[in-house]
Amino acid sequence: MAAKNYIILRMFALLATALPAASSIKFSYPAVFNFGDSNSDTGELGAGLGFNLPLPYGQTYFNPPSSSGRASDGRLIVDFLISNPRVSMAAKACVIQILTLISISLPLSKSIHFNHPAVFNFGDSNSDTGNLVSAGIESILPPYGQSYFKTPSGRYSDGRLIVDFLLNAMQLPFLNAYLDSVGLPIFKKGCNFAAAGSTILPATATSISPFSFGVQVSQFFRFKAKVLELLARGRSFPKYLPAEVFFAKGLYMFDIGQNDLAGAFYSKSLDQILASIPMILTEFETGIKRLYDQGGRNFWIHNTGPLGCLTQNVAKFGTDPSKLDEQGCVSDHNQAAKLFNLQLHALTKKLQGQYSDASVIYVDIFSIKSELISNYSKNGFEQPIMACCGYGGPPLNYDSQITCGQTKTLNGTTVTAKGCTDSSDYISWDGIHYTEAANQFVSSKILTGKYSDPPFADKMPFLLKLKF
């Protein structure tokens with residue numbers, strides 16, 4: 006196949022030299038941006054879905070053969086076009102395809118410590134630092150990012166997320182998104198695979214994100230394999246990539262499951278959703294086992310928050326006051342979250358006993374967020390449910406037809422979903438995600454060590470060095 010590609014390239018080159026000068030065709034382009042399918046894919050599909058093409062792919066040209074990501078025994082037409090001197094030696098295309106690993110992992114439950122050299126994160130929009138945006142599936146507009154980054158950062162908030170605050174406390178840099186290929190992202194201290202809209206169960210045709218938990222784990226394996234391959238080559242790669250030992254000593258962090266439950270309410274009854282929880286957690290256990298089998302030993306698992314208190318769910322499912330609890334949250338959603346968390350906790354206890362050489366930490370996010378909402382005034386907030394950035398005004402300031410930052414025509418009038426004056430007064434940023442102020446509160450509670458099983462308050466010397 007590579008030989009045929011070369012023949013086609015030679016025909017193209019000969020044709021180019023035969024064209025009259027009047028056509029003034031130039032091939033001195035400084036860069037190449039390619040769009041296409043497998044005929045010119047140099048690794049996108051493999052990086053995105055986390056797999057490597059097996060031998061004998063790549064055998065004719067690349068070393069190691071399986072590293073090229075090309076569906077051929079060697080080079081593609083696009084490779085010859087770019088490298089052929091008659092076409093252009095200057096036009097070199099470089100695509101960096103690495104998914105983010107966020108892991109805040111802990112060693113043995115009997116000897117917890119937080120001196121992890123790297124973090125590898127898996128999850129949804131609660132910890133996505135840019136994957137879904139980098140994949141080109143969705144765009145985030147101002148005022149996202151206004152409180153900290155001063156521009157949309159790929160995060161679904163006005164500023165930092167819980168994972169950002171936790172990494173800050175551990176004196177580690179923010180995690181770059183695995184799919185962010187622009188700007189020479191540095192993955193030395195970890196990588197983030199979380200993508201907004203992701204579920205634990207495999208994605209379907211109607212899913213927001215194709216990067217379900219199983220895919221994220223596969224992306225990690227591809228990331229690890231590529232890192233080890235590049236490190237073996239030496240040169241400057243150690244400046245950008247984690248050392249091999251970091252994969253064993255690093256922290257693997259998980260915050261996923263919210264979309265499996267919340268999304269199901271649009272098509273299933275509460276009983277059906279509750280019955281599906283064991284299947285969801287079986288899929289999650291499979292992913293954890295795959296990571297353990299690959300040498301992961303430090304696992305940090307967040308449970309899911311009070312879904313019934315999200316503005317979006319109150320607006321959609323809480324129009325009947327009898328469906329709401331005393332906090333103004335949708336009772337069925339919170340009931341599903343509680344049962345999910347109960348079974349997730351049981352799973353972590355099982356894993357703690359099964360993997361005696363590993364640390365498996367369960368973090369009760371539900372209790373922290375519930376306490377924040379129940380005592381919002383005491384905790385320094387003014388609005389427990391209403392969204393800061395949205396449209397419609399009180400009591401919810403949320404309209405599913407127009408999301409934060411968008412401008413649309415509704416009922417003949419052009420309107421914009423704008424941000425509030427002071428986001429620190431609000432728990433909800435856009436009706437689905439939390440504000441930076443709320444994320445900071447949740448992080449501070451996590452770092453007390455009192456909401457984890459096993460607890461770890463006496464093992465956290467960095468608590469004295471908090472920067473927030």
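Residues in the sequence shown are numbered from 6 upward in steps of one, following our numbering. Each residue gets a CB set at the ideal place from its N, CA and C atoms; glycine is no exception.
Which same chain residues end up closer than 6 Å to residue i when comparing Cβ atoms and leaving out the 5 residues on each side of it in sequence?
i, result
"Asp-458", "Tyr-367"
"Asp-330", "Ser-336"
"Gln-221", "Phe-127 and Phe-198"
"Ser-429", "Ala-442"
"Gln-317", "Gly-436 and Ile-437"
"His-307", "Asp-260, Val-368 and Ile-370"
"Gly-135", "Gly-159, Ala-182 and Asp-185"
"Leu-189", "none"
"Leu-111", "Because Leu-111 sits at a pLDDT of 33, beneath the cut-off of 50, its placement in the model cannot be relied upon, and the following sentence gives the value as read from the coordinates. Contacts found: Ile-117, Asn-303, Ser-364 and Ile-366."
Where do the N-terminal and C-terminal ends of the alpha helix (DSSP H) with residue i fall, by residue?
i, result
"Gly-188", "Segment: none, Gly-188 is in no alpha helix (DSSP H) and carries neither H nor E."
"Ser-241", "Unbroken run through Ser-241: none, as it is neither H nor E."
"Ser-433", "No alpha helix (DSSP H) holds Ser-433; the beta strand (DSSP E) holding it covers 431-433."
"Val-319", "316-322"
"Val-37", "Run containing Val-37: none; DSSP gives neither H nor E here."
"Thr-353", "336-359"
"Ala-442", "441-451"
"Leu-137", "136-139"
Look up residue i in the DSSP assignment and give the residues it is bridged to.
i, result
"Leu-235", "For Leu-235, which the question treats as bridged, DSSP gives no partner whatsoever."
"Ile-366", "Trp-305"
"Cys-182", "Note that residue 182 is Ala in the sequence shown, not Cys. Answer is Asn-197."
"Asp-458", "Tyr-367"
"Gly-395", "Lys-423"
"Leu-329", "Val-335"
In chain order, what residues of the same chain have a beta carbon less than 8 Å from the beta carbon of residue i, not counting five sequence neighbours either side?
i, result
"Ser-217", "Ser-203, Thr-204, Ile-205, Leu-206, Pro-207 and Ala-208"
"Lys-328", "Phe-322, Val-335, Ser-336 and Asp-337"
"Pro-178", "Leu-172, Ile-191 and Lys-194"
"Pro-148", "Asp-163, Cys-394, Cys-409, Gly-410, Lys-423 and Gly-424"
"Tyr-431", "Phe-386, Glu-387, Gln-388, Met-391, Ala-392, Cys-393, Cys-425, Thr-440, Ala-442 and Ala-443"
Helix, strand or coil, according to DSSP, for residue i in the structure here?
i, result
"Gln-388", "strand"
"Leu-250", "Note that residue 250 is Val in the sequence shown, not Leu. Three-state result, Val-250: coil."
"Asn-126", "strand"
"Tyr-297", "helix"
"Gly-219", "helix"
"Phe-259", "strand"
"Thr-412", "strand"
"Ser-28", "Residue confidence for Ser-28 is low, a pLDDT of 49 falling below 50, so the modelled location carries little weight; the figure read from the coordinates is stated next. Here Ser-28 sits in helix by DSSP."
"Leu-166", "coil"
"Thr-291", "helix"
"Ser-428", "helix"
"Ser-281", "helix"
"Ser-45", "coil"
"Gly-74", "coil"
"Pro-466", "For Pro-466, the predicted structure reports a pLDDT of 49, less than 50, and the residue's modelled location is therefore unreliable. The matter cannot be settled from this model."
"Phe-67", "coil"
"Leu-312", "helix"
"Leu-171", "helix"
"Ile-373", "helix"
"Ile-378", "helix"
"Gly-436", "coil"
"Ser-88", "helix"
"Ala-267", "helix"
"Gly-55", "coil"
"Ala-210", "coil"
"Asp-133", "coil"
"Lys-383", "coil"
"Lys-482", "Outside the displayed span of the chain (6 to 473) sits residue 482, for which this structure offers no information."
"Asp-404", "coil"
"Leu-60", "coil"
Got a sec? Which residues, its chain only, sit under 7 Å from residue i by beta carbon, not counting five neighbours each side?
i, result
"Tyr-403", "Thr-316, Gln-317, Ala-320, Ala-392, Gly-395, Gly-397 and Gly-436"
"Pro-215", "Ala-208"
"Ser-375", "Pro-311"
"Asn-384", "Leu-377 and Phe-446"
In the DSSP assignment, the beta strand (DSSP E) including residue i goes from what residue to what residue?
i, result
"Thr-419", "418-421"
Please check if any C-beta of chain D sits within less than 8 Å of the C-beta of residue i.
i, result
"Thr-156", "Among the chains in the structure shown there is no chain D, since it carries only a single protein chain."
The segment 272-280 contacting the segment 256-263, beta-carbon criterion three pairs below 8 Å: no
Three CB pairs or more closer than 8 Å across the segment 242-249 and the segment 302-320: no
The segment 338-353 in contact with the segment 306-316 per 3-pair CB rule at 8 Å: yes
Three or more C-beta pairs below 8 Å linking the segment 438-453 and the segment 158-166: yes
The segment 282-300 contacting the segment 150-159, beta-carbon criterion three pairs below 8 Å: With the cut-off at 8 Å, the segment 282-300 and the segment 150-159 do not touch.
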